[in-house]
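To keep things clear, I will list the structure first and then write my remarks on it.
In the numbering used here, the protein residues as written are 206 to 391.
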């Protein structure tokens, strides 16, 4: 099977920020699993990954590009929002650290990894050029946010809101898929 007709090396270079963020999220989870508990190491690794993803976006150039056979469209609009998402992700990591410690949640690696996965989902949705990529980005963002909403397991309100958000998201995903099927079927 010849995969060169589906994607090229320029396609992989176009999604380098998403690849960097995925590797960073896996590194944060690996640090957590290895039980390396230095203050702020997970936040530092996540911030480094967000910075490297920003550098990869800037290195990609300002030209409009179609990636993966037209499934992703990279332009100045998506570049602006990618930088915005990276900045908001970094601010979220910085400002939530004190709150999580105050609420009794130990500095776990799941939280920064989920923030990174949600940023990847946002970036995919901004670059999407067809409904399949919109769906993949939306689901990656939604699944990360479901877990983040219910992150404080000892808090009853957090558990309740996580369950309600999951149920609402499941129904909205079903409606989105029915609408996409009607659009593609017509």
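Ideal Cβ positions, reconstructed from N, Cα and C, are used throughout, including at glycine.
Here the structure is a predicted model, which means the values were calculated and not measured.
Please look up how many angstroms separate the CB atoms of residue 260 and residue 317, rounded, as I've assumed it's under 8 angstroms. For the purposes of this step, residue 260 is taken as residue 55 along the chain shown, with counting starting at 1. For the purposes of this step, residue 317 is taken as residue 112 along the chain shown, with counting starting at 1. Their Cβ separation, rounded to whole angstroms, is 19 angstroms, which puts residue 260 and residue 317 out of contact at 8 angstroms.
Which residues mark the beginning and the end of the beta strand (DSSP E) in which residue 271 is found? Locating residue 271 in the chain shown gives position 66, counting from the first residue. In the DSSP annotation of this structure, the continuous segment of the beta strand (DSSP E) that includes residue 271 starts and ends at 270 to 272.
From residue 226 to residue 294, what does the alpha carbon distance come to, in whole angstroms? Counting from 1 along the chain shown, the entry for residue 226 is found at position 21. Counting from 1 along the chain shown, the entry for residue 294 is found at position 89. Computed Cα separation, rounded: 11 angstroms.
Under three-state DSSP, which class holds residue 251? By 1-based counting over the chain shown, the position of residue 251 is 46. Three-state result, residue 251: helix.
Counting along the chain, where does the alpha helix (DSSP H) carrying residue 319 start and finish? Position 114 of the chain shown, counted from the first residue, corresponds to residue 319. Residue 319 -> alpha helix (DSSP H) spans 315 to 332.
So, residue 351 versus residue 370, is the Cβ gap smaller than 8 angstroms? Residue numbering aside, residue 351 sits at position 146 when the chain shown is read from its first letter. Residue numbering aside, residue 370 sits at position 165 when the chain shown is read from its first letter. Against a cut-off of 8 angstroms, the Cβ pair of residue 370 and residue 351 comes out as a contact.
Would you please state the rounded distance, in angstroms, between the beta carbons of residue 237 and residue 314? I believe it to be under 8 angstroms. Within the chain shown, numbered from 1, the residue matching residue 237 stands at position 32. Within the chain shown, numbered from 1, the residue matching residue 314 stands at position 109. That belief holds up - the Cβ atoms of residue 237 and residue 314 are roughly 3 angstroms apart, short of 8 angstroms.
Compare the Cα-Cα distances from residue 331 to each of 284, 268, 368 and report the closest residue. For the purposes of this step, residue 331 is taken as residue 126 along the chain shown, with counting starting at 1. Taking only the C-alpha atoms, the option nearest residue 331 is 284.
Residue 277 bridges to which residues according to DSSP? As a working note, residue 277 is residue 72 in the chain shown. Paired residue(s): 272, 333.
Does DSSP put residue 230 in a helix, a strand or coil? Translated into the one-based positions of the chain shown, residue 230 becomes position 25. Residue 230: helix per DSSP, three-state reduction.
Which same chain residues, not among the five before or five after residue 353, have their C-beta less than 8 angstroms away from its C-beta? Here residue 353 refers to the residue found at position 148 of the chain shown. 316, 319, 320, 323, listed in sequence order.
From the DSSP output, in three-state form, read off residue 236 for me. Looking up residue 236 in the chain shown gives position 31. Three-state DSSP puts residue 236 in a helix.
Out of 221, 267, 291, state which residue places its alpha-carbon closest to the alpha-carbon of residue 251. For the purposes of this step, residue 251 is identified with residue 46 of the chain shown, where counting begins at 1. Residue 251 has its Cα closest to that of 291, out of 221, 267, 291.
Where the alpha helix (DSSP H) containing residue 372 begins and where it ends: Reading the chain shown from its first residue, position 167 is the one you call residue 372. It spans 361 to 390 - the alpha helix (DSSP H) in which residue 372 sits, taken as one unbroken run.
Can you give me the start and stop residues for the alpha helix (DSSP H) that residue 357 sits inside? Locating residue 357 in the chain shown gives position 152, counting from the first residue. Segment: none, residue 357 is in no alpha helix (DSSP H) and carries neither H nor E.
Would you kindly work out how many angstroms separate the C-alpha atoms of residue 306 and residue 287, rounded to a whole number? Taking the first residue of the chain shown as position 1, residue 306 is located at position 101. Taking the first residue of the chain shown as position 1, residue 287 is located at position 82. Near 29 angstroms, if we compare the C-alpha coordinates of residue 287 and residue 306.
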